[in-house]
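*Asks:* Number 130 in our numbering belongs to position 128 of the sequence shown; there are no gaps in the numbering. Cβ coordinates follow ideal geometry from the N, Cα and C atoms, glycine included. Quantities reported herein were computed from a predicted structural model and do not represent experimental measurements.
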Amino acid sequence: MSQVLSISNLKANVAGQEILKGLNLEVPQGEVHAIMGPNGSGKSTLAKVMAGHEDYEVTAGGITMNGEDLLAMEIDERSRAGFFLAFQYPLEIPGVSIANFIRAARQARLQKGDELDAVAFYKEMYGKMDELKIDRSFTGRAVNEGFSGGEKKRLEILQMMMLEPKYAVLDETDSGLDIDALKIVADGVNAMRSPERGFLVITHYQRLLDYIVPDVVHVLYKGEIIKTGGKELALELEDKGYDWVIQEFADQEVAVGV
Ligand code: ADP
Ligand code: MG
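See below:
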């Protein structure tokens with residue numbers, strides 16, 4: 003079975019409006035792909051469709067993860083199968099501590115009847131919190147409650163590190179981060195790069211890609227991938243904006259008579 007996260011001809015509606023309009027994308031294990039695009043292109047919609055958000059209705063196409071039908075799975079199954087999404091806007095979960103939240107997610111990955119080793123779990127989590135410069139006192143705090151933007155984003159990365167997904171989608175994890183926090187987050191992601199894992203890094207700005215250097219860069223515009231290139235494409239977009247890519251795509255469509 004091919005080891006790839008594969009999205010084919012994906013169409014999806016939100017609030018009765020088509021946002022994804024036949025999107026094709028392949029992220030092989032071991033690679034880091036970036037998605038860039040103007041605001042409102044459908045980047046977060048793609049991320050939420052992959053995660054199984056109930057507001058988003060898939061009307062055509064499919065997504066497979068290492069050959070498995072992702073869209074056929076319940077949300078928790080997707081997670082246990084190795085899919086992870088770091089949210090652009092992480093939600094607060096009052097009353098649920100970070101430690102209990104992550105512990106429950108880890109416990110859910112064990113065979114029935116197996117108990118998580120609490121001592122080993124805390125040792126591992128504290129080590130990862132230290133790497134991300136999250137104070138250890140945060141374990142007792144409710145998930146995201148009263149957190150700064152940067153603290154929320156670092157907690158998303160802590161969850162990713164603890165769950166060790168096969169494929170991780172990071173939706174604008176750079177937004178709200180100052181440069182020091184950005185480097186910490188990028189170090190965390192880079193440490194997890196492996197031949198067994200694929201990343202889809204969604205970002206509006208090139209800056210993050212200075213630290214998490216992608217193998218491939220895609221441009222998403224109005225619900226379609228309109229250009230794919232190497233890491234230098236991100237620099238070109240930073241320099242020249244999106245208009246030329248949009249124009250180039252429009253010219254192509256004219257040429258093929260769409
Ligand atoms: P991006 O992440 O690229 O900025 P989004 O995927 O968030 O774009 O949004 C794409 C379009 O879908 C926008 O026009 C946005 O207003 C619309 N949209 C996204 N989510 C919802 C929703 N829950 N309800 C209504 N419209 C939505
Ligand atoms: Mg978004």
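Does the Cβ-Cβ distance between Gly-232 and Val-218 come in under 8 Å?
*Replies:* yes
*Asks:* Measure the Cβ-Cβ separation of Leu-210 and Val-221 and say whether it is below 8 Å.
*Replies:* no
*Asks:* Could you check what DSSP says for Leu-184 in three-state terms: helix, strand or coil?
*Replies:* helix
*Asks:* For the alpha helix (DSSP H) holding Asp-253, just list the boundary residues, first then last.
*Replies:* Unbroken alpha helix (DSSP H) run through Asp-253: 245–258.
*Asks:* Along the chain, where does the beta strand (DSSP E) containing Asp-173 start, and where does it finish?
*Replies:* 169–173 is the span of the beta strand (DSSP E), which, as asked, contains Asp-173.
*Asks:* Is the closest heavy atom of the ligand ADP to the C-beta of Val-247 under 7 Å?
*Replies:* In this structure, the ligand ADP has no non-hydrogen atom nearer than 7 Å to the beta-carbon of Val-247.
*Asks:* Buried or exposed: where does Gln-90 fall if 16 or more other Cβ atoms within 10 Å of its Cβ makes it buried?
*Replies:* buried
*Asks:* Quick one, which of Leu-93, Lys-125 and Leu-112 has its alpha-carbon nearest Ala-101's?
*Replies:* Lys-125
*Asks:* Run through the stretch 115–162 for me and flag every whole alpha helix (DSSP H) of 4 or more residues, listed as ranges in chain order.
*Replies:* 120–133
*Asks:* Do the stretch 171–184 and the stretch 11–18 meet, that is, are 3 or more Cβ pairs less than 8 Å apart?
*Replies:* The stretch 171–184, when compared against the stretch 11–18, does not touch it at the 8 Å Cβ threshold.
*Asks:* Rounding to the nearest angstrom, what Cα-Cα distance links Met-67 and His-35 in this structure?
*Replies:* 15 Å
*Asks:* What are the start and end residues of each continuous beta strand (DSSP E) run of 3 or more residues lying completely inside the stretch 38–99, in chain order?
*Replies:* For the stretch 38–99, whole beta strand (DSSP E) runs of length 3 or above, ordered along the chain, are 58–67, 85–88 and 95–99.
*Asks:* When you measure from the CB of Gln-90 to every non-hydrogen atom of the ligand MG, does any distance come out below 7 Å?
*Replies:* yes
*Asks:* Mapping the DSSP letters down to three states, classify Leu-179 as helix, strand or coil.
*Replies:* coil
*Asks:* CB of Asp-57 to nearest heavy atom of the ligand ADP: below 7 Å?
*Replies:* yes
*Asks:* Taking 8 Å as the limit between beta carbons, can you name the residues of its chain near Glu-79, skipping five residues before and five after?
*Replies:* Taken in chain order, the list of residues that qualify is empty.
*Asks:* Between Glu-158 and the ligand MG, is there a pair consisting of the residue's CB and a ligand heavy atom that are separated by less than 7 Å?
*Replies:* no
*Asks:* Who are the near neighbours of Gly-32 in its chain, counting only those whose CB is closer than 6 Å to its CB and skipping five residues on each side?
*Replies:* Pro-197
*Asks:* Among the residues of its own chain, which have a CB less than 8 Å from the CB of Ile-136, if the five just before and after it don't count?
*Replies:* Glu-153, Arg-156, Leu-157 and Leu-160
*Asks:* Contact between the stretch 160–174 and the stretch 126–145 is defined here as three or more beta-carbon pairs at a separation below 8 Å; is this criterion met?
*Replies:* yes
*Asks:* Can you name the residues that DSSP bridges to Ile-9?
*Replies:* Leu-27 and Ile-65
*Asks:* May I have all residues whose beta carbon comes closer than 6 Å to any heavy atom of the ligand ADP, sorted in chain order?
*Replies:* Val-16, Ala-17, Ile-21, Gly-39, Asn-41, Gly-42, Ser-43, Gly-44, Lys-45, Ser-46, Thr-47 and Asp-57
*Asks:* If we count Cβ pairs, one from each stretch, closer than 8 Å, do we get three or more for the stretch 69–83 versus the stretch 241–254?
*Replies:* no
*Asks:* Using DSSP bridges, identify the partner residues of Gln-19.
*Replies:* Val-16
*Asks:* Hey, how far is the Cα of Phe-123 from the Cα of Val-145?
*Replies:* 18 Å
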